[in-house]
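A.B. asks: Have a look at the structure that comes next, please.
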Amino acid sequence: MSMNSLIQRLTSKAPTQSSLSIVVLSDGVYLSKVESESGIQATTYHELKESSWDFVLDTALEAESCTNLNATVTFGSHFYQSYQIDKPAIPEDEWSVALPFLLKDLITDRVTEIVADGIAVPHSSKIQAYVLTKRLIEQLKEVLERHQIQLLQILPEDEVWSQTRTDTSAFMLLHRSASSEFKIGAFVEESSVFQRTVRGIHSPITGEYSNTIQLDGLALELQRSMDYLSSQLKQVQINKLFLCCDGEQEHELQAALQERLNVSVEPLLLGVLPQKSGNILALEAYRRQLQGVNLYPAHLKPKKEAFNLGLVAISWLVIAVFMLGIYGFYNYKNYTLDKQVAEQKKQAQQLSVQVKSLQTKLSAHQPSPAKVASVERLKADVKTKQDSLKVINSFDAKQQVGYSGIMHGLSTIGRNDISLTSIQIDNDRMNVQGLAKSPAVVPKWVQHFKTEMNLVGRTFESLSIGRNEDDVVIFSLRSHSGDK
């Protein structure tokens with residue numbers, strides 16, 4: 309979220325609880341207030357007569373005490389233009405900006421003087437575009453602002469009619485308001501796909517003014533429209549015709565058209581008394597809320613001031629209090645740190661005095677050269693005695709071991725083909741001499757050393773085997789000087 313949008317959300321006021329639905333048709337202005345407690349109220353009608361629509365709207369708002377409301381405005385088809393064009397290859401949320409340029413070759417007004425919006429036509433690659441002049445919007449805003457009414461949305465009449473029968477996916481509608489001509493509309497999936505005005509047929513055509521010729525002409529125009537729609541909308545079948553014609557006897561008109569057409573003809577609203585077109589549009593526009601086409605795009609809406617004088621004053625006050633708080637906090641923190649620094653300096657001075665005192669004492673206690681030499685001699689004497697003690701301890705340990713274990717081990721591994729003539733044991737060394745039956749038995753005999761605890765680990769530096777003068781095998785084993 310951007311900072312500007314966040315500020316707007318924080319500073320914008322919540323909308324009021326009530327709303328207002330305004331319908332401006334050729335015959336007059338229709339107002340219907342919506343209260344949060346009682347819901348939508350009955351529509352009031354204010355005839356145009358000889359006055360302009362904006363004057364009548366201003367007077368009506370004053371008479372109905374309409375102020376501080378949010379308004380949805382529906383304009384009759386004579387206020388705007390509608391076109392079907394190829395669907396532009398841009399996102400739908402950008403249509404309101406791009407459509408004036410795409411329609412510039414079809415309209416007489418300059419691009420900067422109009423607003424446009426559109427909606428996709430079902431089962432087609434086209435869109436239904438609506439064009440309204442900015443001058444008309446400015447007139448409307450001027451009237452509403454005098455009564456502190458916020459404009460939310462501007463709807464074309466045709467788009468509101470498309471919502472009147474949501475229970476039917478595709479239908480045609482014959483409608484007219486007082487002081488206007490008959491209009492034919494076709495609607496598919498709650499979207500307007502076709503509109504035309506019927507020329508040359510003047511209302512009323514029922515009741516005491518019933519005219520067979522005009523009824524035939526109206527039925528012919530309806531049939532032509534149906535034939536055209538059948539050729540254009542091949543995937544949709546329209547077999548319903550609804551009626552909403554002010555100033556006509558709807559049941560009589562229904563019967564007359566039912567005789568002349570091969571589709572089902574019904575009143576737009578079933579089971580209720582006939583209502584004027586403006587009343588129906590006011591109610592349906594309110595139910596529609598802010599969906600679909602809107603001829604009052606966001607870029608035309610007044611930008612809310614993020615800051616006003618009161619808010620600026622409050623902001624400065626809050627900032628001042630905040631700054632004073634920060635100043636007080638850091639001032640107290642600096643005071644505490646200064647106090648700690650002073651204490652540390654005092655301790656440093658005390659330690660410095662102690663260091664100087666100890667250095668003085670140290671200089672007074674320097675040993676004499678004679679004492680140093682005496683200490684060195686004593687250290688050398690101690691080291692000599694320690695070395696002697698190690699030698700004595702080592703000798704004692706060896707003496708404690710004795711030779712009985714070695715002799716016992718030699719007797720254990722004795723053989724009939726080996727005879728020892730000399731055994732010499734000196735500290736870590738053991739030399740053995742003897743007679744053997746053959747030279748091969750000597751290594752085998754030595755291998756048995758590892759089976760005796762007192763002989764295991766002993767190795768010999770040299771082995772000599774020979775024969776004496778009596779041709780008897782003699783051998784001599786000499787161990788390493790470090791063996792144990």
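Letter 180 of the sequence shown, counting from 1, is numbered 488 in the numbering used here, and no numbers are missing.
Glycine included, each C-beta is placed from N, C-alpha and C at the ideal position.
Note that the structure is predicted; figures quoted are calculated from it, not measured.
Rank P747, F757 and A744 by C-alpha distance to the C-alpha of M738 and give the top, closest one.
C.D. replies: Residue 738 sits at position 430 when you count from the first residue of the sequence shown. Comparing Cα-Cα distances from M738 to each of P747, F757 and A744, the minimum goes to F757.
A.B. asks: Start and end of the beta strand (DSSP E) containing A368?
C.D. replies: Residue 368 sits at position 60 when you count from the first residue of the sequence shown. Careful: A368 lies outside any beta strand (DSSP E), inside the alpha helix (DSSP H) at W361 to A371.
A.B. asks: Look at the alpha carbon of Q648 and the alpha carbon of N616, and state the distance between them as a whole number of angstroms.
C.D. replies: For the purposes of this step, residue 648 is taken as residue 340 along the sequence shown, with counting starting at 1. For the purposes of this step, residue 616 is taken as residue 308 along the sequence shown, with counting starting at 1. Straight-line Cα distance between these residues: approximately 47 angstroms.
A.B. asks: Can you tell me which of V699, S696, I733 and D725 puts its alpha carbon nearest to the alpha carbon of S712?
C.D. replies: Within the sequence shown, residue 712 is the residue found at index 404, counting from 1. Checked all of V699, S696, I733 and D725; the closest Cα to S712 is I733.
A.B. asks: Write down the C-beta distance between R484 and S511 rounded to the nearest angstrom, noting that I regard them as a contact closer than 8 angstroms.
C.D. replies: Locating residue 484 in the sequence shown gives position 176, counting from the first residue. Locating residue 511 in the sequence shown gives position 203, counting from the first residue. The Cβ separation is near 6 angstroms, so the contact holds.
A.B. asks: Strictly by DSSP, which residues pair up with I731?
C.D. replies: Residue numbering aside, residue 731 sits at position 423 when the sequence shown is read from its first letter. According to DSSP, which records beta bridges pairwise, I731 is partnered with V740.
A.B. asks: Just curious, the alpha helix (DSSP H) that I457 is in, first and last residue?
C.D. replies: Here residue 457 corresponds to residue number 149 of the sequence shown, with the count starting at 1. Segment: none, I457 is in no alpha helix (DSSP H) and carries neither H nor E.
A.B. asks: Among I700, L686 and R786, which residue has its Cα nearest to the Cα of G742?
C.D. replies: If you number the sequence shown from 1, residue 742 lands on position 434. Among I700, L686 and R786, the Cα nearest to that of G742 belongs to R786.
A.B. asks: Which residue marks the beginning of the alpha helix (DSSP H) containing F637, and which one marks its end?
C.D. replies: Within the sequence shown, the letter at position 329 stands for residue 637. Looking at the DSSP string, the run of the alpha helix (DSSP H) that includes F637 is L617 to A672.
A.B. asks: Could you give the uninterrupted runs of the beta strand (DSSP E) lying entirely in the stretch 482-545, keeping only those of 3 residues or more?
C.D. replies: If we require 3 residues or more, the beta strand (DSSP E) runs fully inside the stretch 482-545 come out as 491-496 and 499-505.
A.B. asks: Does the structure place the stretch 365-376 close enough to the stretch 411-430 that three or more beta carbon pairs sit under 8 angstroms?
C.D. replies: Verdict: no, contact absent.
A.B. asks: With 8 angstroms as the threshold, decide whether the Cβ of V749 is near any Cβ in chain C.
C.D. replies: As a matter of chain content, chain C is missing from the structure shown, which is built from one protein chain.
A.B. asks: Can you name, in chain order, every residue of its own chain whose Cβ lies under 6 angstroms from the Cβ of N378, other than the five neighbours on each side?
C.D. replies: Looking up residue 378 in the sequence shown gives position 70. Contacts found: P323, S327, Q458 and L460.
A.B. asks: Within 10 angstroms of its Cβ, does S313 collect 16 or more other Cβ (buried), or is it exposed?
C.D. replies: If you number the sequence shown from 1, residue 313 lands on position 5. Unreliable placement is indicated for S313, whose pLDDT of 43 sits below 50; the coordinate value is still reported in the next sentence. Counting Cβ neighbours within 10 Å, S313 comes out exposed, since fewer than 16 surround it.
A.B. asks: Contact between the stretch 714-725 and the stretch 760-770 is defined here as three or more beta-carbon pairs at a separation below 8 angstroms; is this criterion met?
C.D. replies: Contact holds: three or more Cβ-Cβ distances are below 8 angstroms.
A.B. asks: Distance, Cα to Cα, P396 vs Y604?
C.D. replies: In the sequence shown, counting from the first residue as 1, residue 396 sits at position 88. In the sequence shown, counting from the first residue as 1, residue 604 sits at position 296. Rounded to whole angstroms, P396 to Y604 spans 20 angstroms at the Cα level.
A.B. asks: Decide if H673 is buried, meaning its Cβ has at least 16 other Cβ atoms within 10 Å, or exposed.
C.D. replies: Working through the sequence shown from its first residue, we reach residue 673 at position 365. Flag for H673 reads exposed.
A.B. asks: Can you round the beta-carbon distance between V573 and Q562 to whole angstroms, since I take them to be within the 8 angstroms contact cut?
C.D. replies: Taking the sequence shown and counting its residues from 1, the one referred to as residue 573 is at position 265. Taking the sequence shown and counting its residues from 1, the one referred to as residue 562 is at position 254. With a Cβ gap of about 5 angstroms, V573 and Q562 count as contacting.
A.B. asks: Starting from F409, trace the alpha helix (DSSP H) both ways and give me its first and last residue.
C.D. replies: For the purposes of this step, residue 409 is identified with residue 101 of the sequence shown, where counting begins at 1. F409 -> alpha helix (DSSP H) spans W403 to L410.
A.B. asks: What residue from L591, V750, V429 and I634 has the CA that sits closest to E497's CA?
C.D. replies: If you number the sequence shown from 1, residue 497 lands on position 189. The shortest Cα separation from E497 among L591, V750, V429 and I634 belongs to V429.
A.B. asks: What separation, rounded to the nearest whole angstrom, lies between the Cα atoms of V468 and I521?
C.D. replies: For the purposes of this step, residue 468 is taken as the residue at position 160 of the sequence shown. For the purposes of this step, residue 521 is taken as the residue at position 213 of the sequence shown. Computed Cα separation, rounded: 31 angstroms.
A.B. asks: Going by DSSP, name the residue or residues bridged to D394.
C.D. replies: Residue numbering aside, residue 394 sits at position 86 when the sequence shown is read from its first letter. DSSP output for D394 lists K434 as bridge partner(s).
A.B. asks: With a cut-off of 8 angstroms, do at least 3 Cβ pairs link the stretch 534-552 to the stretch 573-593?
C.D. replies: The stretch 534-552 vs the stretch 573-593: in contact.
A.B. asks: Please determine, among S488, K584, E516 and E567, the residue with the shortest C-alpha to C-alpha distance to W524.
C.D. replies: Looking up residue 524 in the sequence shown gives position 216. It should be pointed out that residue 524 corresponds to Asp in this sequence rather than to Trp. The shortest Cα separation from D524 among S488, K584, E516 and E567 belongs to E567.
A.B. asks: Rounded to whole angstroms, what's the CA-CA distance from S487 to S334? Just pull it up for me.
C.D. replies: Locating residue 487 in the sequence shown gives position 179, counting from the first residue. Locating residue 334 in the sequence shown gives position 26, counting from the first residue. Using only the alpha carbons, I get a separation of about 6 angstroms.
A.B. asks: Once the 5 residues before and after D535 are set aside, which same chain residues still bring their CB inside 7 angstroms of it?
C.D. replies: Taking the first residue of the sequence shown as 1, we reach residue 535 at position 227. Taken in chain order, the list of residues that qualify is empty.
A.B. asks: Taking the alpha-carbon positions, what's the V564 to R507 distance?
C.D. replies: Here residue 564 refers to the residue found at position 256 of the sequence shown. Here residue 507 refers to the residue found at position 199 of the sequence shown. The displayed chain sequence assigns Ala, not Val, to residue 564. In a straight line, the C-alpha of A564 is about 19 angstroms away from that of R507.
A.B. asks: Taking all protein chains shown into account, do 16 or more other C-beta atoms lie within 10 angstroms of the C-beta of H354, making it buried, or fewer, making it exposed?
C.D. replies: What you label residue 354 is simply residue 46 of the sequence shown in a count that begins at 1. Flag for H354 reads buried.
A.B. asks: State the CB to CB distance for the pair K442 and E421, rounded to an integer number of angstroms; the pair is presumed to be in contact (CB under 8 angstroms).
C.D. replies: Position 134 of the sequence shown, counted from the start, is the residue given in the question as residue 442. Position 113 of the sequence shown, counted from the start, is the residue given in the question as residue 421. With a Cβ gap of about 6 angstroms, K442 and E421 count as contacting.
A.B. asks: Using DSSP bridges, identify the partner residues of D425.
C.D. replies: To locate residue 425, count along the sequence shown from 1; it is residue 117. In DSSP, D425 forms a bridge with Y438.
A.B. asks: Assuming contact is defined by CB atoms lying nearer than 8 angstroms, are Q503 and H431 in contact in what I supplied?
C.D. replies: In the sequence shown, residue 503 corresponds to position 195, counting from 1. In the sequence shown, residue 431 corresponds to position 123, counting from 1. Contact: no.
A.B. asks: Note the first and the last residue of the continuous alpha helix (DSSP H) segment covering R568.
C.D. replies: To locate residue 568, count along the sequence shown from 1; it is residue 260. That run of the alpha helix (DSSP H) goes E558 to R568.
A.B. asks: So which of A350, L541, D779 and T759 has the shortest CA-CA distance to K745?
C.D. replies: Along the sequence shown, read from residue 1 onward, the residue named residue 745 stands at position 437. It is D779 whose Cα lies nearest to the Cα of K745.
A.B. asks: Using DSSP's beta-bridge definition, name the partner residues of N378.
C.D. replies: For the purposes of this step, residue 378 is identified with residue 70 of the sequence shown, where counting begins at 1. The partner list for N378 (beta bridge, DSSP) reads S327 and Q458.
A.B. asks: Starting from the Cα of R532, find the closest Cα among V626, A350, G493 and I634 and give me that residue.
C.D. replies: The residue you call residue 532 lines up with position 224 of the sequence shown. Taking only the C-alpha atoms, the option nearest R532 is G493.
A.B. asks: In chain order, what residues of the same chain have a beta carbon less than 7 angstroms from the beta carbon of A406, not counting five sequence neighbours either side?
C.D. replies: Stepping through the sequence shown from its first residue, residue 406 is reached at position 98. Excluding positions up to five away in sequence, the list reads P396 and I398.
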